[in-house]
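Numbering (the UniProt record's numbering), first residue to last: 1 to 306. Glycine included, every Cβ here is placed at the ideal spot set by N, Cα and C. Here the structure is a predicted model, which is why all the values come from computation and not from measurement. Have a look at the structure below before the remarks.
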Amino acid sequence: MMFPEHRGLYPGHPELGGYIRFFNLDSGVFARVCLPLFRSHCILDSVHGLLLLQRDKDVAIRLLHPFTRDIVELPRLNTLATQMTKWSLRRMRFISTSASFTAGVVTVLLTFNKFEGVAVATSLYKQWMMLVWQCPGWSYPDSLHGKLYVVDIAAINVNGAPMIFIFEMDATYHHRATPKLIFTCPEDKQHLYSCHLVEHGSEILVVSHDDDDLSRITVYGLAGIVLGKFIPITDIGEKTIFMGPRSICVSSKAFPTVEANTVVYYRPVKHCFAQYNIGSRTWSRAMDRCSRKGRAQGPRSLICHS
């Protein structure tokens with residue numbers, strides 16, 4: 001993942017000399033790379049270790065591999081101007097990116113987090129297209145194997161249960177397509193709250209609270225609950241899940257102060273960062289050397305940097 005510099009130095013800042021740091025989520029190793037492109041580009045987002053860039057002179061969108069320097073050219077972002085209202089245009093800077101790579105074709109979806117809009121383009125397109133389907137503005141989709149997964153708690157069934165949508169992405173994708181509903185909580189499982197999706201290896205995990213007091217966390221495999229098999233996952237090995245707007249699963253070996261087989265996040269009721277062991281179902285305080293309040297020990301979630 002791209003790691004921010006101190007004192008708010010943005011990528012391309014003169015003091016950085018064209019360099020930027022990346023952090024390996026498995027090994028904990030930092031890599032420093034010189035990318036002269038920052039002199040004429042700004043970063044919109046990062047996805048799968050790739051950088052989504054906007055070129056200053058013509059607002060062309062480019063997907064960059066920071067180590068190989070390979071670039072995928074995408075349409076200019078101003079091709080969306082005629083498809084959006086002025087109100088939406090002023091809020092389109094806050095985005096979440098998903099990407100799919102199939103048969104030599106790159107498909108990119110931009111979810112606009114300040115309004116319920118999604119735009120799609122591929123390396124074969126001449127322009128970006130707004131989808132007729134509106135993604136929840138607060139939702140951060142997760143992509144895996146050319147598919148986009150979204151939890152839409154706002155879209156509930158008649159029993160008030162959350163639903164999870166699946167969205168197909170491929171080179172022949174049509175902007176008028178609608179997402180396919182793959183899961184709705186059954187009545188006896190309506191106690192699931194605050195569902196988060198996170199990629200774990202080759203599968204998607206559903207992380208949620210399972211009580212009204214938000215004191216317990218349960219992890220399920222999405223593939224299992226789609227089939228009606230609500231079997232809790234109690235062991236994710238040496239991995240740790242950082243839960244938040246962009247939930248990520250990383251190796252605990254890269255973080256000496258974080259325990260394995262845990263979920264780290266900001267507890268909404270206790271108003272503090274904590275880690276939850278999904279095997280023993282116990283809480284412990286999350287600690288690190290970074291803090292929002294002076295030099296006292298933190299913590300601060302890794303998601304704040306992603």
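L50 is positioned such that its CB atom lies closer than 8 Å to that of L64.
Boundaries of the beta strand (DSSP E) harbouring G221: I217 to G221, taken from the DSSP string. Secondary-structure assignment with DSSP links C272 through a beta bridge to R267.
DSSP lists K239 as the beta-bridge partner residues of S251.
For H196, the secondary structure class from DSSP, reduced to helix, strand or coil, is strand. Per DSSP, reduced to three states, the secondary structure at R39 is helical. Counting of Cβ neighbours within 10 angstroms places P75 among the buried residues, the total reaching 16 or more. Boundaries for H145: no beta strand (DSSP E) harbours it, and the DSSP string shows neither H nor E there. I95 sits close to L110, with the two beta carbons spaced by under 8 Å.
With contacts defined as CB atoms closer than 8 Å, Y266 and F255 fail to qualify as a contacting pair. V207 and T240 do not touch by the CB rule: their CB atoms are close to 12 Å apart, not below 8 Å. L52 is positioned such that its CB atom lies closer than 8 Å to that of L44.
In the DSSP assignment, Q54 forms a beta bridge with C42 and I61. Beta-bridge partners assigned by DSSP to R32: R21.
With 16 or more other CB atoms across the displayed protein chains lying within 10 angstroms of its CB, S247 is buried.
In this chain, the beta strand (DSSP E) harbouring V105 covers V105 to F112. The alpha-carbon separation between A119 and L9 amounts to approximately 29 Å. If you draw a 10 Å sphere on the C-beta of H271, you find fewer than 16 other C-beta atoms in it, and that means exposed. A distance below 6 Å between beta-carbons, with the five flanking residues on each side excluded, links V226 to the following residues of its chain, in chain order: I182 and F183.
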